[in-house]
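Numbering (the working numbering), first residue to last: 1036 to 1175.
Right, one structure below, let's go through it.
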Amino acid sequence: MPSKYTGQCACGSVRFAFDTDPTFVADCYCLDCQKSSGGVMATYFSVPEADFTLLSGNPNGFGYVADTGNKLRRRFCPECGARVYTDQLEGFPGTIFVMLGALDHPERITPPLMEIFTKRRLVWTKALDVPQHRARPDAD
Ligand SMILES: [Zn+2]
Ligand SMILES: [Zn+2]
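Here it is, written out as structure tokens:
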């Protein structure tokens, strides 16, 4: 049976699939999301690692320390450079954080349920009508 959700990088080399309906979907304004996306924020959601299947490609990994002090690994396509997902996040074992824009049909999952690291929000961006967290949701 085909998976409920599929996604890929910009060039299509890295492809993935999962079935879980995401329940954690966030707009993240942290420094890494700004720097690695080149935008004002990034939207991502969590999927259990056990449900996440890499269908093709060999995503490269870049390990770094987040604003929170936690280590994690940002995965990107070595062919096109697109950021696809994050794994090995300290404190969230067995969880993959997928970039919303990598989905083939991002409109099929729930809109963001919270905005996080809003302390780095640019003043000209508008807050969504969802809970706002200055840093991690459990930190303020
Ligand atoms: Zn690619
Ligand atoms: Zn972030």
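All C-beta atoms, glycine included, are put in the ideal place defined by N, C-alpha and C.
None of these values were measured; they are calculated from a predicted model.
Cutoff 6 angstroms; reference residue i; Cβ partners in own chain excluding five residues on either side
i	result
D1062	M1076, T1078, P1147, E1150
S1091	R1050
K1039	D1054
Backbone CA spacing between residue i and residue j [nearest angstrom]
i	j	result
P1128	L1089	18 angstroms
L1135	P1141	6 angstroms
L1138	I1144	10 angstroms
D1067	P1172	17 angstroms
Simplified DSSP state of residue i, which is helix, strand or coil
i	result
S1071	helix
R1156	coil
E1125	coil
A1170	coil
Option in the options with minimal Cα separation from residue i
i	options	result
N1105	D1122, T1160, D1139	D1122
D1056	S1081, P1037, A1085, Q1167	S1081
T1160	L1107, G1074, A1117	G1074
List in chain order: all unbroken beta strand (DSSP E) runs of 3+ residues lying wholly within the stretch 1067-1118.
Uninterrupted beta strand (DSSP E) stretches at least 3 residues long and entirely within the stretch 1067-1118 occur at 1077-1083, 1088-1091, 1095-1100, 1106-1111, given in chain order.
Under 5 angstroms, CB to any heavy atom of ligand 4. Which residues pass, going along the chain?
This structure lacks ligand 4; its bound ligands are ligand 1 and ligand 2.
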